[in-house]
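See structure below.
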Amino acid sequence: MHTMEELHRYLLLDSKWGRPIVGVSTIIFVFMCLSGLILWFPKKLKKFRNWKVWKQGFTIKTKGSWKRINYDFHNTFGFYALLPMLLMGLTGLLWSFTWYYDGLERVLGDKLGKSRFDKTITIDDSSEYQDKAILDFNTLLKKTDSILPYSNAATRVTLPLSLDQSIMIRKISNEFLAFNAADKLQFNPHTNNLVSAIYFKDESIGSKIAGLIRGIHVGDFAGLTTKIIYFICCLIATSLPITGTLIWINKMKKK
């Protein structure tokens, strides 16, 4: 898996060279997606009220020649896969260019990547608890379930590194199309009291996007459903250079 990740991010090259190569390629990919959308629109805008003109961009004529089927496949499936492809490309640039990374942080008004890693927080003076053992997890988990009652969920616990640190419990809902983002509770490990609660639904739009940015790139931001959609779109994206090249060759032959 590590090798595949290195191939995806750096083409198995040194990051000094692989990162910009992948980044520039991604910019070209985004440009091709946007230019394809522009080519998809013109005739439809001129005849806005004519459904037959729009229908050509949403369907494939299976009874036509192979050239027509190839064109419709490129035109129609490319349109259907456009939004996920753009999301993959635009978020992927974060791992290639620091200027893009820093700029998006400013736009969203929140941190991205490793700087978002969840940490325990400092609690009140713990000197009075130094001779007491940390309370058991069962009590904390029951309290978490009472605060965050959704049952189909993944729960993660971060332990304190010192007596003056909290225990953090993150709970991520696995319900259908639920966002792959955690509600976070901080507990005083000595008293079992809730110290802090951060609910994903209450965060700003920018913070929500920042928290989901990796999920938006890989497709798991809303669970298995979006991963399947991304997988299908990736297959379509892989076919577009082939179908596009065939379209270009056929046009060159006409000339």
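When you read off a place in the sequence shown, starting at 1, and then add 7, the result is the number in the numbering used here.
Glycine included, each C-beta is placed from N, C-alpha and C at the ideal position.
Because the structure is a prediction, the values reported are computed rather than measured.
Within 10 Å of its beta-carbon, does residue i have 16 or more other beta-carbons around it, so buried, or fewer, so exposed?
{"i": "residue 178", "result": "buried"}
{"i": "residue 124", "result": "exposed"}
{"i": "residue 58", "result": "exposed"}
{"i": "residue 99", "result": "buried"}
{"i": "residue 243", "result": "buried"}
{"i": "residue 252", "result": "exposed"}
{"i": "residue 224", "result": "buried"}
{"i": "residue 157", "result": "exposed"}
{"i": "residue 146", "result": "exposed"}
{"i": "residue 103", "result": "buried"}
{"i": "residue 82", "result": "buried"}
Taking 8 Å as the cut-off, decide whether the C-beta atoms of residue i and residue j are in contact.
{"i": "residue 86", "j": "residue 64", "result": "yes"}
{"i": "residue 185", "j": "residue 115", "result": "no"}
{"i": "residue 204", "j": "residue 154", "result": "yes"}
{"i": "residue 173", "j": "residue 195", "result": "yes"}
{"i": "residue 77", "j": "residue 250", "result": "yes"}
{"i": "residue 183", "j": "residue 232", "result": "yes"}
{"i": "residue 4", "j": "residue 181", "result": "For the chain, the structure presents residues 8 to 262; residue 4 sits outside this window and is missing."}
{"i": "residue 207", "j": "residue 227", "result": "no"}
{"i": "residue 91", "j": "residue 240", "result": "yes"}
{"i": "residue 108", "j": "residue 119", "result": "yes"}
{"i": "residue 37", "j": "residue 110", "result": "no"}
What would DSSP say about residue i, mapped onto helix, strand or coil?
{"i": "residue 264", "result": "Here the chain comprises residues numbered 8 to 262, so residue 264 is not present and cannot be evaluated."}
{"i": "residue 56", "result": "coil"}
{"i": "residue 194", "result": "strand"}
{"i": "residue 39", "result": "helix"}
{"i": "residue 20", "result": "coil"}
{"i": "residue 119", "result": "coil"}
{"i": "residue 126", "result": "coil"}
{"i": "residue 70", "result": "coil"}
{"i": "residue 175", "result": "strand"}
{"i": "residue 211", "result": "coil"}
{"i": "residue 158", "result": "coil"}
{"i": "residue 201", "result": "strand"}
For the putative contact between residue i and residue j, defined by C-beta atoms under 8 Å, what is the C-beta separation to the nearest angstrom?
{"i": "residue 176", "j": "residue 166", "result": "Actually they are not in contact, since the Cβ atoms of residue 176 and residue 166 sit about 10 Å apart, beyond 8 Å."}
{"i": "residue 127", "j": "residue 148", "result": "Incorrect: roughly 17 Å between the Cβ atoms, too far for contact."}
{"i": "residue 41", "j": "residue 220", "result": "About 20 Å; that fails the 8 Å criterion."}
{"i": "residue 143", "j": "residue 214", "result": "Their Cβ separation, rounded to whole angstroms, is 33 Å, which puts residue 143 and residue 214 out of contact at 8 Å."}
{"i": "residue 19", "j": "residue 13", "result": "6 Å"}
Which runs of the alpha helix (DSSP H), 4 residues or longer, sit entirely within the region 215-258? none
Could I get the ranges of all uninterrupted alpha helix (DSSP H) runs contained in the region 73-102, with 4 residues as the minimum, in chain order? 73-79 and 89-99
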